[in-house]
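In my numbering, the protein residues as written are 184 to 250.
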């Protein structure tokens, strides 16, 4: 029972693996962009609300901490 070393992949197999990885990455990016396209309005609204609340807190703190 000798240990078999993995055979090195030839150039065609490596190219095929690379193409599959690229295809998978492109599909994942496409799905992510489709999901983002559905929710970007809500994300922008939440970002504006959080920024407005943060600015209000900063202004109120500055007015209360006067000398």
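Every residue, glycine too, gets a C-beta built ideally from N, C-alpha and C. None of these values were measured; they are calculated from a predicted model.
Look at the alpha carbon of residue 223 and the alpha carbon of residue 234, and state the distance between them as a whole number of angstroms. Near 16 Å, if we compare the C-alpha coordinates of residue 234 and residue 223.
Quick check: what's the CA-CA separation for residue 229 versus residue 239? Per the coordinates, the alpha-carbon of residue 229 lies some 15 Å from the alpha-carbon of residue 239.
Checking contacts by CB at 8 Å: is residue 191 closer than that to chain C? Of the chains in the structure shown, none is chain C; there is only one protein chain.
Inter-residue Cα distance where the pair is residue 246 and residue 216: In this model, residue 246 and residue 216 are separated by some 43 Å (Cα to Cα).
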